[in-house]
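Comments concern the structure below.
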Amino acid sequence: MENEHPRTRFETKIAVLLRRDLATWQRLNVTAFLVSGLGHQLPEVIGEPYADADGTPYLPMFRQPVLVFEGTEDTLSLAHGRALARDLPRAVFTADLFTTGNDQDNRAAVRAVPGDQLDLVGLAVHGPRNAVDKVLKGARMHP
5 MENEHPRTRF
15 ETKIAVLLRR
25 DLATWQRLNV
35 TAFLVSGLGH
45 QLPEVIGEPY
55 ADADGTPYLP
65 MFRQPVLVFE
75 GTEDTLSLAH
85 GRALARDLPR
95 AVFTADLFTT
105 GNDQDNRAAV
115 RAVPGDQLDL
125 VGLAVHGPRN
135 AVDKVLKGAR
145 MHP
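Numbering-wise (the numbering used here), the sequence shown opens with residue 5 and increments by one.
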């Protein structure tokens, strides 16, 4: 039986790059925080709300996959610079954010450090597939 809904090849890509030395809980936490920023800033990446057969409503989610990569501290720094140079929508998570307890302190921690000195542990980007691929050069898919 032929699939009625063939797989879509999206022209854009949502990607998260994590520093490879993070603990599992940190990887999950950072990923969740990073993609929340993309969903807020880019409403076009969000699909329609869900509902089950009983009619119970559920929140909408991204309409395309989120690809997760890992890399070294240098890989993250280079990717950050490439994302800035290409003016791609991006979200950052720094090591300092593991020690803060609220959104206001999170923003203050990032604001306190020049961009080229951020201790990045995660970066999320969205944009044309080829541009995101160039940003992620040197990273590998998360195992």
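By construction, the Cβ of each residue, glycine as well, lies at the ideal position given by its N, Cα and C atoms.
>> Using the three-state DSSP reduction, which class does Glu52 fall into: helix, strand or coil?
In response: coil
> Are the beta-carbon atoms of Val129 and Leu92 separated by less than 8 Å?
Replying inline: yes
> Who are the Cβ neighbours of Ala4 in its own chain at under 7 Å, not counting the five residues just before and after it?
Replying inline: Lying before the first or after the last residue shown, residue 4 is absent from the chain, which here runs from 5 to 147.
> Using the rule of at least 16 other Cβ atoms within 10 Å of the residue's Cβ for burial, across every protein chain shown, is Thr28 buried or exposed?
Replying inline: exposed
> Between Arg90, Asp137, Gly85 and Pro132, which lies nearest to Leu124 when the distance is taken from Cα to Cα?
Replying inline: The candidate whose alpha carbon is nearest that of Leu124 is Gly85.
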